[in-house]
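Take 7 as the starting number for the sequence shown in our numbering and just add one per residue. Report on one structure; see the data block that follows.
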Amino acid sequence: MAEPEFDATGVGISRMLRSLTRAGHVLVRDGELVLLTSYGSEIDSAPVDEVRISGYGLRDQVPATLRGRSYLLRLGQEHREGLLSALRTARAKAAAERGVLGR
Numbered sequence: 007m008a009e010p011e012f013d014a015t016g017v018g019i020s021r022m023l024r025s026l027t028r029a030g031h032v033l034v035r036d037g038e039l040v041l042l043t044s045y046g047s048e049i050d051s052a053p054v055d056e057v058r059i060s061g062y063g064l065r066d067q068v069p070a071t072l073r074g075r076s077y078l079l080r081l082g083q084e085h086r087e088g089l090l091s092a093l094r095t096a097r098a099k100a101a102a103e104r105g106v107l108g109r
């Protein structure tokens, strides 16, 4: 398993009006965005090409859609920028690999 491009802990993760965890873990690694509970159980994951993150919204909240399922991630401002940057980088790597491998 490769080193994650993005790793944030203590993230509040909600789906609709239901809080899934108040101290979750968000990772971008191996071309995938992974949402974990504070205990390490996977909430959801999706390839970065199937993830939509809004750069707009409240200061510390990031709306995210993974394979059509909507989540609200409560990150600090510094983590928000890091997540957006890591997703851009992971998408570029995935596109380059597809181009090289001809997929």
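Quick reminder that beta carbons are idealized off the backbone N, C-alpha and C, glycines included. Bear in mind that the values here come from a model prediction, so they are computed numbers and not experimental data.
May I have the straight-line CA-CA distance separating residue i from residue j, to the nearest angstrom?
| i | j | result |
| --- | --- | --- |
| Met22 | Thr71 | 11 angstroms |
| Glu56 | Arg73 | 6 angstroms |
| Val40 | Arg24 | 19 angstroms |
To the nearest whole angstrom, what separates the beta carbons of residue i and residue j, a pair I think is in contact under 8 angstroms?
| i | j | result |
| --- | --- | --- |
| Ala14 | Leu81 | 6 angstroms |
| Pro69 | Ser60 | 4 angstroms |
| Leu78 | Ser20 | 4 angstroms |
List the DSSP bridge partners of residue i.
| i | result |
| --- | --- |
| Leu33 | Asp13, Val40 |
| Glu48 | Leu42 |
Three-state secondary structure (DSSP) at residue i?
| i | result |
| --- | --- |
| Ala98 | helix |
| Asp66 | coil |
| Arg104 | helix |
Can you tell me whether residue i is buried or exposed? The criterion is at least 16 other CB atoms within 10 Å of its CB, across all chains shown.
| i | result |
| --- | --- |
| Ala29 | exposed |
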